[in-house]
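Input: a single structure, listed below in structure tokens.
Residue numbers (the working numbering): 90 to 949.
Right, here's the structure in full:
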């Protein structure tokens, strides 16, 4: 098809003709780009009409604006990829505003091929762990299987409980001129379905008008099917609703967001190694005050790392004894621990014969021409054509993936040939697939990119169901052949058009799910100590940032009014509050120490640093950063709006850093707005359960300690009446209680002295949300969700001690007794906080590998 004939087909096609028909420098044969994403037989595909509408409606400038909107929404939703320890670090997820659109007929055809492929993978797995007909008949060379680490002989004897041995599948596909072609399979711990849902949510907002009018297949129902599949995976004999956990490596995982999103969609808790323990041959989830039996583990940890007893001894990501428990049938692991063997590219050269043997069918979805180098004839072909093939090791390992032969020098090809010759059983080679392209919105306009589609299947009963569309990944550069997250690939939302005359697929979930009896007293899963600790510290960090922001806002106001008025009461009050900032926040640099006078002479640069520099412990930015990092570890139990508020906080700080002169008051006010919104989410969006309790207890504990420190370092110190009056007003502004103080003074309510009134409001007034007494009352309320008599007794004594304070006596004279009392209160608050952490947030000692002896059907 020439550019001229394409241009005649449609304005849309004409817009891309020049860009998309250019040769592809990434392929060795200069294969021409096709317009198959848009055009078939000289006519615009039905699915392209939506893209044409987007181009017509928005134009290039409008699409670039939508691209920026998508970036903002991704940040607001906290969508990230990558691990903090990786060279690239954690980075924002990349999403293009233009979706990849598939016609209903095309998807129906593809879905039939995917269903066959899922059945094939399931049949291969059952054969390899059972009869092994493929190996004994030499349809599949035994070396291909034995050489792959995913075969895991140590996990032998685990029988999958479901009708389908592989409940969840993922297949990567590329659309070539001949149709959809399988690139690879992911069966160990398929990732990306959570990203697919996140993409849909964001594009639905960024392209709202077009999305609303499009007749699309929806995604949410597929996750309901995942729920049914997990319930159905529970071992025989489980009568109650099965307890399911998602085994995660933790927040350092590259796909931590994907795991958190999946946990949110399914309602099952994320569990790290420390959250789980083996007792009596069963797997248990450690929750507040009790152990909860686990029936099903949906793992996102590679199999080798799941058990340091039977698998990798150095692993700290799994649970010792998990393999033995799965073998005994007390817990089901999804996908099975040996499922990674199906990701072996060495299976691809034999799949046509395998499909005929196991299914009696021909493959509907082809695979690229592939050669296993363990076969002498195939090896000679590979070595003779090394420069134009894709070379893959049998097993993926960190830091070593596939090699594109045409990108290697002569010397590099020679080294590769030597490696293949030395270990031929460990290598395969593939013909490159000529993939279709999709348009990517860039700052320089629309550009074509290679695209790969990852599809997701889940087994319910005998049938596999597929997420409509899946996750499209798009190459990072025009000449990039590889489309992987590691290479910086972006993503697209995938829209599958719904057929107007097609009856919607209906699944009787109640009939397919196992009949389960509901316990007499059903309970939600409890919080793990790790989650409770993170919630507690999220509350503390958020409050710490808020207190620091309030101090800086009031201090900056005093600096503006009194900085150059040395010798005045206002200047003395300014110095008092600046010195208190250092004492309260313990931040350095501050306004105490050897260089204090120099900084007090020019306080504004220090205030700016305390506001925006994340490196300064105790500063506002540091508190925001710590709160954000902590929230990401427990995102699955928080309001869905939480990432948006935290993203707004980060944007405010980033914008302030770009200013030549940082507006401290304005920035502090904007930060306070977001921090109050965060507090509002906790107060108005969380059910009053343990999640709310520990989050609120952390906030209250931090506010109680901060209030005592502020009072001790300001109004507890004697000053001249005029200076003291201004310091009292400044402290009450920090405590958001100045209006109450003025109204009470005017009405003659409370202590007559301003300092006495302030102490009464900030320490004793249990109706004031900023007072010490109020915080202690709220902590007591929160801890009713995690009762402990020793903590309750200590807190009761502390509350009584505060109620018994005699303000009139304490402010008489030099106030030394007041200072001593505040020091003692602060020490008791710290001690109580430590006791709370020791009681509820304890971690396990490193779990050791141990031998499990079975005796009379039990475990000794």
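Where is the CB? At the ideal position from N, CA and C, for every residue including glycine.
Quiz item: Which residues in the same chain have their Cβ closer than 6 Å to the Cβ of residue 696, if we skip the five residues on either side of it in sequence?
Solution: Position 607 of the chain shown, counted from the start, is the residue given in the question as residue 696. Once the five neighbours on either side are set aside, the close Cβ partners of residue 696 are 641, 645 and 753.
Exercise. Give the range of the alpha helix (DSSP H) segment to which residue 846 is assigned.
Key: Looking up residue 846 in the chain shown gives position 757. For residue 846, the enclosing alpha helix (DSSP H) starts and ends at 843-848.
Exercise. Keeping to the same chain, check which residues put their C-beta closer than 7 Å to that of residue 506; ignore five residues upstream and five downstream.
Key: The residue given as residue 506 occupies position 417 in the chain shown. 472 and 475.
Practice problem: Determine the extent of the beta strand (DSSP E) in which residue 790 is found, giving its start and end residues. | Solution: Taking the first residue of the chain shown as position 1, residue 790 is located at position 701. Per DSSP, residue 790 belongs to no beta strand (DSSP E); it is in the alpha helix (DSSP H), 779-801.
Quiz item: Between residue 456 and the rest of its own chain, which residues show a CB-CB distance below 8 Å, the 5 nearest in sequence each way excluded?
Solution: On the chain shown, residue 456 is found 367 positions in, with the first residue counted as 1. Answer for residue 456: 270, 271, 437 and 440, listed in chain order.
Quiz prompt | Separation of residue 664 from residue 700, as counted between CA atoms | solution = Numbered from its first residue, the chain shown carries residue 700 at position 611. Numbered from its first residue, the chain shown carries residue 664 at position 575. The alpha-carbon atoms of residue 700 and residue 664 are separated by roughly 18 Å.
Practice problem: Note down the Cα distance separating residue 159 from residue 578, rounded to an integer number of angstroms. | Solution: Against the chain shown, residue 159 aligns to sequence position 70. Against the chain shown, residue 578 aligns to sequence position 489. Those two C-alpha atoms are separated by around 16 Å.
Quiz item: Looking only at C-alpha atoms, which of 275, 307 and 277 sits nearest to residue 286?
Solution: What you label residue 286 is simply residue 197 of the chain shown in a count that begins at 1. For residue 286, the nearest C-alpha among the options comes from 307.
Quiz item: Under the three-state reduction of DSSP, which class applies to residue 508: helix, strand or coil?
Solution: Start at 1 with the first residue of the chain shown, and residue 508 comes out as number 419. It is helical.
Quiz item: Leaving out the 5 sequence neighbours to the left and right, which residues in its chain are closer than 7 Å to residue 623 when beta-carbon positions are compared?
Solution: To locate residue 623, count along the chain shown from 1; it is residue 534. Residues 719, 722 and 723 of the same chain have their beta carbon placed closer than 7 Å to that of residue 623, with the five preceding and five following residues left out of the count.
Quiz item: Mind checking whether residue 140 and residue 187 have CB atoms under 8 Å apart?
Solution: Walking along the chain shown from the start, residue 140 turns up at place 51. Walking along the chain shown from the start, residue 187 turns up at place 98. Yes; because the gap between Cβ atoms is below 8 Å, this pair is in contact.
Quiz item: beta strand (DSSP E) containing residue 864: first to last residue?
Solution: Your numbering for residue 864 matches position 775 in the chain shown. Where residue 864 is concerned, there is no enclosing beta strand (DSSP E), although the alpha helix (DSSP H) it sits in stretches over 861-871.
Practice problem: With residue 763 as the anchor, note down where its alpha helix (DSSP H) starts and where it stops. | Solution: Here residue 763 is taken as the residue at index 674 of the chain shown, counted from 1. From DSSP, the alpha helix (DSSP H) with residue 763 extends over 753-774.
Practice problem: If I'm right that residue 918 touches residue 794 with Cβ under 8 Å, what's the distance once you round it to whole angstroms? | Solution: Translated into positions along the chain shown, residue 918 becomes position 829. Translated into positions along the chain shown, residue 794 becomes position 705. Their Cβ separation, rounded to whole angstroms, is 5 Å, which keeps residue 918 and residue 794 in contact under 8 Å.
Quiz prompt | One or two residues paired with residue 585 in a DSSP bridge | solution = Counting from one through the chain shown, the residue named residue 585 turns up at place 496. According to DSSP, which records beta bridges pairwise, residue 585 is partnered with 191.
Practice problem: Counting only the same chain and skipping the five closest in sequence on each side, list residues whose C-beta sits under 8 Å from that of residue 877. | Solution: Working through the chain shown from its first residue, we reach residue 877 at position 788. Same-chain partners within the cutoff: 928 and 929.
Practice problem: Take residue 932 and list the residues in its own chain whose beta-carbon comes closer than 6 Å to its own, dropping the five residues that flank it on each side. | Solution: As a working mapping, residue 932 is identified with position 843 in the chain shown. Its chain contains 363 as the residues whose beta carbon lies nearer than 6 Å to that of residue 932, once the 5 sequence neighbours on both sides are disregarded; these appear in chain order.
Quiz prompt | Beta-bridge partners of residue 630, as assigned by DSSP | solution = Walking along the chain shown from the start, residue 630 turns up at place 541. In DSSP, residue 630 forms no bridge with anything.
Self-check item: Distance between residue 635 and residue 519 (C-alpha atoms, nearest Å)
Solution: Reading the chain shown from its first residue, position 430 is the one you call residue 519. Reading the chain shown from its first residue, position 546 is the one you call residue 635. Whole-angstrom Cα-Cα distance: 57 Å.
Practice problem: Can you say whether residue 841 is buried or exposed, counting buried as having 16 or more other CB atoms within 10 angstroms of its CB? | Solution: To locate residue 841, count along the chain shown from 1; it is residue 752. Flag for residue 841 reads exposed.
Quiz item: How about the stretch 769-778 and the stretch 859-866: do they share at least three Cβ pairs that are nearer than 8 Å?
Solution: Contact between the stretch 769-778 and the stretch 859-866 is absent: fewer than 3 CB-CB pairs across the two stretches fall below 8 Å.
Quiz prompt | Of the listed residues 567, 384 and 197, nearest to residue 333 (C-alpha basis) | solution = For the purposes of this step, residue 333 is taken as the residue at position 244 of the chain shown. It is 384.
Quiz item: Helix, strand or coil for residue 604 per DSSP?
Solution: Position 515 of the chain shown, counted from the first residue, corresponds to residue 604. Residue placement at residue 604 is flagged as unreliable, the pLDDT there being 44, under the threshold of 50; the coordinate-derived value follows with that caveat. Residue 604 sits in coil when the DSSP states are folded into three classes, being neither helix nor strand.
Quiz prompt | Beta-carbon proximity of residue 833 to residue 839, cut-off 8 Å | solution = If you number the chain shown from 1, residue 833 lands on position 744. If you number the chain shown from 1, residue 839 lands on position 750. Yes, the pair counts as a contact, with Cβ atoms nearer than the cut-off.
Self-check item: Spatial distance of residue 524 from residue 480 (CA atoms)
Solution: Within the chain shown, numbered from 1, the residue matching residue 524 stands at position 435. Within the chain shown, numbered from 1, the residue matching residue 480 stands at position 391. Rounded to the nearest angstrom, the two C-alpha atoms are 18 Å apart.
Practice problem: For residue 480, write down the residues that DSSP places opposite it in a beta bridge. | Solution: Along the chain shown, one-based indexing puts residue 480 at 391. The partner list for residue 480 (beta bridge, DSSP) reads 492 and 518.
Exercise. Would you mind reading off the limits of the beta strand (DSSP E) that contains residue 563?
Key: Within the chain shown, the letter at position 474 stands for residue 563. It spans 560-563 - the beta strand (DSSP E) in which residue 563 sits, taken as one unbroken run.
Quiz prompt | 8 Å Cβ cutoff met for residue 275 and residue 432 | solution = Residue numbering aside, residue 275 sits at position 186 when the chain shown is read from its first letter. Residue numbering aside, residue 432 sits at position 343 when the chain shown is read from its first letter. Against a cut-off of 8 Å, the Cβ pair of residue 432 and residue 275 comes out as a contact.
Quiz item: Is the stretch 337-348 touching the stretch 299-314, taking contact as three or more C-beta pairs under 8 Å?
Solution: These segments do not touch.
Practice problem: Please classify residue 575: is it buried, with 16 or more other beta-carbons within 10 angstroms of its beta-carbon, or exposed? | Solution: The sequence position of residue 575 within the chain shown is 486, counting from 1. That one is exposed.
Quiz item: Rounded C-beta distance between residue 847 and residue 817? I'm assuming under 8 Å.
Solution: For this step, residue 847 is matched to residue 758 along the chain shown. For this step, residue 817 is matched to residue 728 along the chain shown. That pair is a contact at about 5 Å.
Quiz item: chain D beta carbons: is any one of them nearer than 8 Å to that of residue 222?
Solution: Checking the listed chains, one finds no chain D in this structure; it contains a single protein chain.
Exercise. Pick helix, strand or coil for residue 376, following the three-state DSSP scheme.
Key: As a first step, residue 376 is located in the chain shown; it is residue number 287 there, counting from the start. In the structure shown, residue 376 sits in a strand (DSSP, three-state: E or B).
Exercise. Please work out which residues of its chain come closer than 6 Å, Cβ to Cβ, to residue 427, disregarding the five sequence neighbours upstream and downstream, and give them in chain order.
Key: One-based indexing of the chain shown puts residue 427 at position 338. Cβ neighbours of residue 427 beyond the five flanking positions: 241 and 244.
Quiz item: With 16 other CB atoms within 10 Å as the buried threshold, where does residue 115 fall?
Solution: Sequence index remark: in the chain shown, residue 115 carries index 26 (1-based). Bear in mind that the predicted position of residue 115 carries a pLDDT of just 38, short of 50, making it unreliable; the figure below should be weighed with that in mind. By the 16-neighbour rule on beta-carbons within 10 angstroms, residue 115 is buried.
Quiz item: Which stretch, first to last residue, makes up the alpha helix (DSSP H) that contains residue 665?
Solution: Here residue 665 refers to the residue found at position 576 of the chain shown. Counting along the chain, the alpha helix (DSSP H) containing residue 665 begins and ends at 658-674.
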